[in-house]
Amino acid sequence: MSAASRPHPSIRPVIPDELPEFFRYLNDHLKDNGLHGAPLFQPLPRERSSFPQDKEAAFTRGMRTPVGDAGWRRAWVAQGTDGILGHIDLRARPENGAAHRALLGMGVHRLARRQGLGGVLMASALAWARSATLLEWIDLEVLSVNEPALALYRKAGFRQTGEIADMFRIDGEQLSYTLMSLKLAR
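Residues 1 to 186 in full-length UniProt numbering are what the sequence shown lists, from first letter to last.
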């Protein structure tokens with residue numbers, strides 16, 4: 001079945017018991033980091049892109065932490081007939097006094113890119129964020145070379161608030177980080 005004729009995936013929250021499957025998806029997704037024409041989307045070397053175990057542990061703790069408490073995290077997946085086709089997550093900012101803001105992370109699997117799934121995931125997470133009365137802002141950090149992601153974020157209303165030049169040196173490249181924010185309208 002071609003990608004265009006597949007049924008549209010459903011968006012649903014990730015529950016903690018599903019995290020092992022979610023981490024398998026993430027590791028498969030990260031195999032594309034900067035390879036085969038895909039932009040570098042994580043600040044990891046291309047040939048060693050995987051989700052570290054310490055981050056798995058922090059992700060798992062965050063999913064079990066109440067929203068508003070330090071370290072909370074919530075995630076959603078796009079579930080299709082081929083399994084998980086994309087994800088988006090929101091998490092607490094680590095700085096004290098920033099409980100009114102969240103950080104966003106997301107990705108779309110190679111089988112579902114350039115089909116509008118990123119926008120659907122974004123709309124789902126932003127709808128949840130608007131209902132979480134604590135949150136007023138969503139922030140993100142994206143590698144400046146990731147033009148498809150930058151375009152998606154701009155389309156969703158995010159505005160660039162800064163750029164850190166030469167933030168990373170990966171595979172012999174100097175990479176900048178673009179900082180973006182969205183003020184949540186209620």
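Note that beta-carbon positions come from the ideal geometry of N, C-alpha and C, so glycine has one too.
Within its chain, find whatever has a CB closer than 6 Å to the CB of residue i; leave out the 5 residues flanking it on each side and keep chain order.
| i | result |
| --- | --- |
| residue 182 | 138, 157, 158 |
| residue 38 | 32 |
| residue 175 | 143, 168 |
| residue 165 | 176 |
Alpha carbons only, please: which of the options is nearest the one belonging to residue i?
| i | options | result |
| --- | --- | --- |
| residue 121 | 37, 171, 86 | 86 |
| residue 103 | 79, 171, 75 | 75 |
| residue 99 | 118, 106, 66, 78 | 66 |
| residue 89 | 48, 129, 28 | 129 |
| residue 107 | 174, 163, 26 | 26 |
| residue 184 | 47, 49, 123, 22 | 123 |
| residue 173 | 46, 132, 160, 127 | 46 |
| residue 105 | 48, 125, 49 | 125 |
| residue 19 | 36, 55, 49 | 55 |
| residue 14 | 51, 84, 49, 48 | 84 |
With a CB to CB cut of under 8 Å and the five nearest residues on each side skipped, what residues in its chain are close to residue i?
| i | result |
| --- | --- |
| residue 3 | In this predicted model, residue 3 has a pLDDT of only 47, less than 50, meaning its place in the structure is not dependable; the value taken from the coordinates is given anyway. So the qualifying residues of the chain are 111, 112, 115. |
| residue 134 | 67, 68, 99, 100 |
| residue 155 | 119 |
| residue 16 | 60, 63, 64 |
| residue 163 | 144, 176, 177, 178, 179 |
For residue i, name the three-state secondary structure that DSSP assigns.
| i | result |
| --- | --- |
| residue 73 | strand |
| residue 87 | strand |
| residue 135 | coil |
| residue 124 | helix |
| residue 190 | Look at the range of the chain in this structure, 1 to 186, and you will see that residue 190 is not part of it. |
| residue 93 | coil |
| residue 156 | coil |
| residue 60 | helix |
| residue 54 | helix |
| residue 140 | strand |
| residue 16 | helix |
| residue 119 | helix |
| residue 26 | helix |
| residue 40 | coil |
| residue 151 | helix |
Less than 9 Å between the beta carbons of residue i and residue j, yes or no?
| i | j | result |
| --- | --- | --- |
| residue 62 | residue 171 | no |
| residue 71 | residue 58 | yes |
| residue 43 | residue 177 | yes |
| residue 10 | residue 53 | no |
Can you round the beta-carbon distance between residue i and residue j to whole angstroms, since I take them to be within the 8 Å contact cut?
| i | j | result |
| --- | --- | --- |
| residue 109 | residue 29 | 6 Å |
| residue 141 | residue 179 | 6 Å |
| residue 77 | residue 24 | Not really, about 12 Å apart at Cβ, beyond 8 Å. |
| residue 73 | residue 91 | 4 Å |
Looking only at its own chain, which residues have a Cβ that is under 7 Å from the Cβ of residue i, when we skip the five neighbours before and after it?
| i | result |
| --- | --- |
| residue 149 | 41, 142 |
| residue 1 | Per-residue confidence for residue 1 stands at a pLDDT of 44, beneath the threshold of 50, marking its modelled position as unreliable; no derived number is given. |
Looking at the ligand HEM, does it come within less than 8 Å of residue i, judged from the CB to the closest heavy atom?
| i | result |
| --- | --- |
| residue 183 | With respect to small molecules bound, the structure shown includes none, and the ligand HEM cannot be examined in it. |
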